[in-house]
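J.: First the structure, which I've put down as structure tokens, then a few questions once you've had a look.
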Amino acid sequence: MVKLRLKRCGRKQWAIYRIVAIDVRSRREGRDLQKVGFYDPIKNQTYSNVSAILYFLEKGAQPTGTVYDILRKAEFFKEFRVSFDKKRKGKSEL
1 MVKLRLKRCG RKQWAIYRIV AIDVRSRREG RDLQKVGFYD PIKNQTYSNV
51 SAILYFLEKG AQPTGTVYDI LRKAEFFKEF RVSFDKKRKG KSEL
């Protein structure tokens, strides 16, 4: 199974994160399938390769919770109307 998740880059205080498509069994700094964007929490900037993200989501890749929140804040799901339901652990909906 493939996931879209964050891969840490940079130094201690200046950490940035790449958004990568990676196999579930790989570790955080493991070999990724493709880099699809980056996120800088200090400057609050996001860059995403929209066509690559759509490709992986259509093939069944699942974004992690953090990546889902980053893409939602960038209004990715509203703009492209991707049919994806985030599963929240521990919270039941009425």
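The sequence shown finishes on residue 94 if you use UniProt numbering, and the numbering steps up by one all the way, no holes. Every residue, glycine too, gets a C-beta built ideally from N, C-alpha and C.
Who are the near neighbours of E93 in its chain, counting only those whose CB is closer than 6 angstroms to its CB and skipping five residues on each side?
T.: Here residue 93 is taken as the residue at index 93 of the sequence shown, counted from 1. Confidence is the limiting factor: at E93 the pLDDT is only 47, short of 50, which leaves the residue's position unreliable and the question unanswerable from this model.
J.: Leaving out the 5 sequence neighbours to the left and right, which residues in its chain are closer than 8 angstroms to Q34 when beta-carbon positions are compared?
T.: In the sequence shown, the residue the question calls residue 34 occupies position 34. If we look at Q34 and ignore the five residues flanking it on each side, its Cβ neighbours are V20, A21, A52 and F56.
J.: Specify the secondary structure class of V50 as computed by DSSP and reduced to three states.
T.: On the sequence shown, residue 50 is found 50 positions in, with the first residue counted as 1. Three-state DSSP puts V50 in a helix.
J.: Classify R5: buried if its beta carbon has 16 or more other beta carbons within 10 angstroms, exposed otherwise.
T.: Sequence index remark: in the sequence shown, residue 5 carries index 5 (1-based). Buried, since its Cβ has 16 or more Cβ neighbours within 10 Å.
J.: So, helix, strand or coil for V24, using DSSP?
T.: Counting from one through the sequence shown, the residue named residue 24 turns up at place 24. V24 sits in coil when the DSSP states are folded into three classes, being neither helix nor strand.
J.: Going straight from the alpha carbon of Y68 to that of Q62, what length do you get?
T.: If you number the sequence shown from 1, residue 68 lands on position 68. If you number the sequence shown from 1, residue 62 lands on position 62. Between Y68 and Q62, the C-alpha separation is close to 9 angstroms.
J.: What do you reckon, are the CB atoms on D32 and K7 nearer than 8 angstroms?
T.: Walking along the sequence shown from the start, residue 32 turns up at place 32. Walking along the sequence shown from the start, residue 7 turns up at place 7. Yes. Within cutoff.
J.: When DSSP labels each residue in this structure, what does L37 get in the three-state scheme?
T.: Sequence index remark: in the sequence shown, residue 37 carries index 37 (1-based). Before going on, a small fix: residue 37 reads as Gly here, not Leu. Reduced to three states, the DSSP call for G37 is strand.
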